[in-house]
Amino acid sequence: EAGVAQSPRYKIIEKRQSVAFWCNPISGHATLYWYQQILGQGPKLLIQFQNNGVVDDSQLPKDRFSAERLKGVDSTLKIQPAKLEDSAVYLCASSLARNTGELFFGEGSRLTVL
Amino acid sequence: SQQGEEDPQALSIQEGENATMNCSYKTSINNLQWYRQNSGRGLVHLILIRSNEREKHSGRLRVTLDTSKKSSSLLITASRAADTASYFCVSDSWGKLQFGAGTQVVVTP
């Protein structure tokens, strides 16, 4: 079974530029998560989708971050404009549904903002 | 904000020794999970314990859960160099997941 796919693996941009990350969850997984992990910290939830609807985006900085999951399958996370403090690894995870326990993570997209 | 807190933040042991790490959380949960993250990689699910369970085993892993104290512990027995990683507890409040800050474990040969 294919895992969660993310791209790009690495991205370096200058502040005020924009960047987009893509995630393709495991086939059949209804719930998709985007996490931000700053070096040395645990992942912080940015947004959670159930199919193509948003379940929780309370910690998403909506003035600069946006995410969509059209058709309830793959998802894109965008940052515009980027700030230095956005340097982090952006992790995508999926699960069969909410409350079903185990999350499956992708390898992450490491963003460096200069 | 992080709900869970792991203790210790870092742990260094030799191969063959046991590693124990603890996790505390703040709200009621329906389950608690532990994940491992190797350097530069994604997280991998290790074990899930439900709120009505007190102890669970999986291979060399033993997890306990004390809902009255809102705490959990993860024990790795007979550690190996390959166990070197960061370990995170994740509290699950009916679909709302919160990660702790993690325990960094280094196992030296």
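Line by line, the protein sequences are chains A and B. According to this note's numbering, the stretch in the first sequence is residues 1 to 114, in order. According to this note's numbering, the stretch in the second sequence is residues 1001 to 1109, in order. For glycine and all other residues, C-beta sits at the position ideal for the given N, C-alpha and C.
Less than 9 Å separates the beta-carbon of B/Leu1074 from that of B/Leu1046. Following the DSSP letters along the chain, one finds A/Trp34 inside the beta strand (DSSP E) bounded by residues Thr31 to Gln37. Distance from A/Asp74 to A/Leu111 at the Cβ level is roughly 19 Å; contact not present, criterion being Cβ atoms closer than 8 Å. Proximity of chain A to B/Leu1065 at the Cβ level (cut-off 8 Å) is not reached, the minimal Cβ distance being about 14 Å. Distance check between B/Thr1084 and each of B/Gly1102, B/Lys1026, B/Ser1028 and B/Lys1070 places B/Gly1102 closest, using alpha-carbon atoms only.
Assignment of beta-bridge partners to B/Gln1014 by DSSP yields B/Thr1108. Counted as a single uninterrupted DSSP element, the beta strand (DSSP E) harbouring B/Arg1050 occupies residues Leu1043 to Arg1050. Assignment of A/Ala93 by DSSP, reduced to helix, strand and coil, places it in the strand class.
For the stretch 13-30 of chain A, no residue has a beta-carbon sitting nearer than 7 Å to a beta-carbon of chain B.
Look at A/Asp74 here: in three-state DSSP terms it is coil, with no helix or strand label. Around the beta-carbon of A/Arg16, fewer than 16 other beta-carbon atoms lie within 10 Å, marking it exposed.
Here the stretch 56-63 of chain A makes no contact with the stretch 90-110 of chain A; the two share fewer than three CB pairs at distances below 8 Å.
A straight-line Cα-Cα distance of about 22 Å links A/Asn24 and A/Ile12. Collapsing the DSSP output to three states places B/Ala1082 in a helix. A direct Cα-Cα distance of roughly 15 Å separates A/Ala93 from B/Asp1092.
The beta strand (DSSP E) runs of length 3 or more contained entirely in the stretch 41-71 of chain A are, from start to end of the chain, 44-50, 53-56 and 65-68. B/Tyr1025 has its alpha-carbon roughly 15 Å from the corresponding atom of A/Pro43. Residues of the stretch 1012-1045 of chain B whose Cβ lies closer than 9 Å to any Cβ of chain A, in chain order: Asn1030, Asn1031, Gln1033, Tyr1035, Gln1037, Gly1040, Arg1041, Gly1042, Leu1043, Val1044 and His1045. Annotation: B/Val1106 to B/Arg1036 spans about 13 Å, alpha carbon to alpha carbon.
For B/Thr1020, the enclosing beta strand (DSSP E) stretches over residues Ala1019 to Ser1024.
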